[in-house]
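Its first residue numbered 2, the sequence shown is counted upward by one per residue in this note's numbering. Some notes on the structure that comes next.
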Amino acid sequence: MKTRLVALLVALAVLALTACGGSQGGAVSAPSQAIGNIDINPQPRDNVRDGGDLRLPMEQIPNNFNIDQLDGASVDLGSIDSVVLPMMFLGTPDGGLRVDTDFLTSAAITSTAPQVVTYTINPKANWSDGTPITWRDFQANWQALNGRNPAYEVSYTNGFDHIGSVTRGADDKQVLVTFARPYAEWENLFSPLMPASAMSTPAAFNTSWKTGIPITAGPFTIDSIDQVNQTVTIKRDPRWWGTPAKLDRIIFRVYEPTAEPDALANNELDYFDIGANLDSLRRAQKTPGVVVRNAPSREYSHLDLNGASGSPLADLRLRQAIAQGVNRQEITTRMIGQIVPNAVPDGNHLYVPGTKDYRDNSGVLPYDPAHTQQVLDSLGWARRGNTRVKDGKPLSLRLVYAQDPGNQNIAQSVQNELGELGVTVVLQPYPPNEFFPAIKRGNFDMTLFVWQGVANPLSTSVAIYGRPIGNNVRENYARVGTPEIDTLFAKGTSELDDTKRADIGNQIDRLIWQEAHSVVLYARPGAVAERANLANFGASGFADTDYIDAGFMK
Numbered sequence: 002m003k004t005r006l007v008a009l010l011v012a013l014a015v016l017a018l019t020a021c022g023g024s025q026g027g028a029v030s031a032p033s034q035a036i037g038n039i040d041i042n043p044q045p046r047d048n049v050r051d052g053g054d055l056r057l058p059m060e061q062i063p064n065n066f067n068i069d070q071l072d073g074a075s076v077d078l079g080s081i082d083s084v085v086l087p088m089m090f091l092g093t094p095d096g097g098l099r100v101d102t103d104f105l106t107s108a109a110i111t112s113t114a115p116q117v118v119t120y121t122i123n124p125k126a127n128w129s130d131g132t133p134i135t136w137r138d139f140q141a142n143w144q145a146l147n148g149r150n151p152a153y154e155v156s157y158t159n160g161f162d163h164i165g166s167v168t169r170g171a172d173d174k175q176v177l178v179t180f181a182r183p184y185a186e187w188e189n190l191f192s193p194l195m196p197a198s199a200m201s202t203p204a205a206f207n208t209s210w211k212t213g214i215p216i217t218a219g220p221f222t223i224d225s226i227d228q229v230n231q232t233v234t235i236k237r238d239p240r241w242w243g244t245p246a247k248l249d250r251i252i253f254r255v256y257e258p259t260a261e262p263d264a265l266a267n268n269e270l271d272y273f274d275i276g277a278n279l280d281s282l283r284r285a286q287k288t289p290g291v292v293v294r295n296a297p298s299r300e301y302s303h304l305d306l307n308g309a310s311g312s313p314l315a316d317l318r319l320r321q322a323i324a325q326g327v328n329r330q331e332i333t334t335r336m337i338g339q340i341v342p343n344a345v346p347d348g349n350h351l352y353v354p355g356t357k358d359y360r361d362n363s364g365v366l367p368y369d370p371a372h373t374q375q376v377l378d379s380l381g382w383a384r385r386g387n388t389r390v391k392d393g394k395p396l397s398l399r400l401v402y403a404q405d406p407g408n409q410n411i412a413q414s415v416q417n418e419l420g421e422l423g424v425t426v427v428l429q430p431y432p433p434n435e436f437f438p439a440i441k442r443g444n445f446d447m448t449l450f451v452w453q454g455v456a457n458p459l460s461t462s463v464a465i466y467g468r469p470i471g472n473n474v475r476e477n478y479a480r481v482g483t484p485e486i487d488t489l490f491a492k493g494t495s496e497l498d499d500t501k502r503a504d505i506g507n508q509i510d511r512l513i514w515q516e517a518h519s520v521v522l523y524a525r526p527g528a529v530a531e532r533a534n535l536a537n538f539g540a541s542g543f544a545d546t547d548y549i550d551a552g553f554m555k
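Structure representation (structure tokens):
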């Protein structure tokens with residue numbers, strides 16, 4: 002379920018995967034993964050009944066309900082925000098974007114020297130407290146997220162740091178955003194838009210939404226947040242000025258991924274994300290009243306290598322050697338080979354397979370265990386039986402991941418592959434709610450999780466692959482970067498020509514591979530299981546989910 006357009010990639014704490022070994026039987030055919038494909042049981046609104054609750058799983062209660070705050074970025078919160086907060090643009094099935102006309106009547110570049118984007122806000126758009134949505138909300142979002150005040154604990158600044166001013170246009174419902182430097186992927190900005198009150202001071206930004214969302218603007222609003230029962234309930238908002246939602250409520254409840262098939266079979270859930278879980282796929286296929294839908298996914302799994310100063314992998318040659326000792330094809334085949342025929346690894350950190358700008362750049366750092374052995378020897382890591390030792394210390398790396406069967410399977414593969422080369426890999430699973438705090442502190446040598454992409458990936462990758470700013474790593478948990486990568490990011494985000502910008506993006510990706518920042522593993526399948534009578538909802542592919550028309554068949 003893809004919902005957030007502000008940041009390129011939002012981390013998933015858990016991989017809902019299981020091993021797909023030969024003992025589990027023959028291959029399972031999956032629907033088309035072609036770009037532009039969606040599988041949501043599209044129905045006219047007249048065929049969808051009014052009312053009902055849609056019950057969805059989530060991985061954890063957000064640590065902060067401000068998605069722009071460092072502790073708030075998560076796919077779960079993105080799903081909630083997409084129906085309770087303003088989104089300027091929405092993803093389309095072909096991977097593009099369209100204006101969300103419920104919030105904007107128009108948005109366009111109205112000048113190129115300097116670059117000015119003019120937003121015209123829907124006259125009916127108001128916050129849930131009755132305050133009109135105006136240019137002041139845009140201004141407050143920019144001032145909080147531009148990086149100029151370090152007291153704002155932001156997860157990213159990309160794009161907002163290019164803006165020189167945000168001012169009033171013809172009236173309070175028109176916004177003039179003037180860029181000090183050209184910014185090509187400006188459509189990524191201001192989604193979701195936060196109310197000015199939440200962005201006005203660092204204290205408000207960091208803490209006032211820590212336990213809830215006090216102000217909304219969307220077809221749904223917050224009904225309740227139950228920390229004890231790990232549930233977030235949103236309800237249809239009668240103050241909504243757009244087309245009314247069909248559903249009465251959407252209920253998000255925390256479930257362990259392994260418990261989701263039973264919950265769907267027991268009528269506790271209406272949907273869950275199968276991803277690459279072959280067992281869950283087969284369970285869903287055998288559950289009465291349940292269908293499997295599939296479309297491409299923007300999610301991909303990867304292995305980050307901590308290159309921070311003082312860490313075991315701070316040395317570039319050692320980091321590269323470790324990366325080249327990981328068999329990406331073996332892991333891909335094991336994890337998704339029985340769901341995706343002839344599955345191949347993902348080869349790009351920025352562009353998702355199936356999109357027009359994707360290039361497989363992994364040949365920069367190919368799997369080569371023999372070369373890994375040679376480099377380890379040259380670095381003084383001598384083989385002593387099954388372990389490599391230097392200065393009396395073994396080469397031992399801690400692999401940190403959120404507790405989940407899929408993560409466990411990938412981690413064991415990495416452990417076995419590097420173990421054959423004399424590298425000891427210590428597996429350290431964390432409860433999902435403790436995982437991200439650990440990696441944000443840098444408490445790992447290697448780590449596994451999933452990123453989720455958006456339509457314009459270049460500018461929003463800066464927070465992940467750009468060098469940390471002092472102690473602020475942003476989302477660059479590997480702490481790896483170079484001045485050349487930063488320079489290319491600056492050049493690419495200012496390039497208005499789409500073809501040239503994509504070429505720069507692929508140059509950046511090759512450098513990211515060269516720096517062994519992270520090892521991209523595979524694009525996660527987009528298969529989902531849901532009630533057969535659920536309409537306009539399911540495997541939405543590269544598009545954003547339309548919760549207004551979603552509901553149950555009459």
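Using N, Cα and C, we set each Cβ at its ideal position, and we do this for glycine too.
Can you check whether the CB of residue j is closer than 8 Å to the CB of residue i?
i    : j    : result
K236 : T222 : yes
R329 : P346 : yes
V1   : F553 : In the structure as shown, the chain starts at 2 and stops at 555, and residue 1 therefore has no counterpart that could be examined.
G423 : N387 : yes
P196 : I216 : yes
V341 : P94  : no
L86  : P193 : yes
A414 : I332 : The identity of residue 414 in the sequence shown is Ser, whereas the question assumes Ala. In contact: S414 and I332 (Cβ atoms closer than 8 Å).
L366 : A524 : no
Y359 : N343 : no
L317 : I509 : no
A533 : V291 : yes
T232 : L265 : no
By Cβ distance below 8 Å, which residues in the same chain neighbour residue i in space, the five residues on each side in sequence not counted?
i    : result
E485 : L512
W143 : F161, I164, V167, V178
Buried or exposed for residue i, going by 16 or more other Cβ atoms inside 10 Å?
i    : result
N417 : exposed
P124 : exposed
P546 : Note on identity: in this sequence residue 546 is Thr, with Pro being the wrong assignment. Buried.
G542 : buried
E435 : exposed
T244 : exposed
G96  : buried
Q375 : exposed
Might you give, ordered along the chain, the residues of its own chain that have their beta carbon closer than 6 Å to the beta carbon of residue i, omitting 5 neighbours on each side?
i    : result
P262 : S281, R284
L55  : L248, I251, D271
A181 : G165
P395 : T388, T425
T135 : D173
T121 : T106, S107, Q175
A145 : Y153, M200, F206
W382 : R389, K391, L396
F538 : I41, A551
Residue i to residue j, Cα distance in whole Å?
i    : j    : result
S33  : A218 : Unreliable placement is indicated for S33, whose pLDDT of 46 sits below 50; the coordinate value is still reported in the next sentence. Those two C-alpha atoms are separated by around 36 Å.
D138 : D238 : 21 Å
P406 : P430 : 10 Å
R399 : T425 : 9 Å
L459 : F490 : 7 Å
D550 : N295 : 19 Å
A260 : E60  : 11 Å
A141 : L57  : 32 Å
M1   : D361 : Because the chain spans 2 through 555 in this model, residue 1 falls outside it and cannot be assessed.
G92  : W242 : 22 Å
P115 : L377 : 52 Å
N230 : Q404 : 20 Å
P183 : S495 : 5 Å
Q25  : G482 : Only weak support exists for where Q25 lies, its pLDDT of 32 falling under 50; the coordinates are left without a value.
L522 : L419 : 15 Å
N410 : S302 : 13 Å
Nearer than 7 Å: is that true of the beta carbon of residue i relative to any heavy atom of the ligand NAD?
i   : result
G97 : Looking for the ligand NAD in the displayed structure turns up nothing, as the structure carries no ligands at all.
Please go through the same chain and pick out, in chain order, the residues whose beta-carbon is closer than 7 Å to the beta-carbon of residue i, but skip the five residues on each side of it.
i    : result
N457 : E186, E188, N189
R480 : N307, G308, A309, G443, P469, V474
V11  : Low local confidence applies: a pLDDT of 31 at V11 is under 50, so the model's placement there is unreliable, and no value is given.
K492 : I505
P438 : none
D224 : T234, I235, K236, R250
P432 : Q404
Between residue i and residue j, how many whole angstroms is the CB-CB distance? I'm expecting something under 8 Å.
i    : j    : result
T111 : T119 : 4 Å
F228 : V155 : With the sequence shown as reference, residue 228 is identified as Gln, and Phe is not the correct amino acid for it. That belief does not hold up - the Cβ atoms of Q228 and V155 are roughly 25 Å apart, past 8 Å.
D159 : T461 : For the record, residue 159 in the displayed sequence is Asn; it is not Asp. Yes, N159 and T461 are in contact; Cβ-Cβ is about 6 Å, under 8 Å.
F273 : V529 : 7 Å
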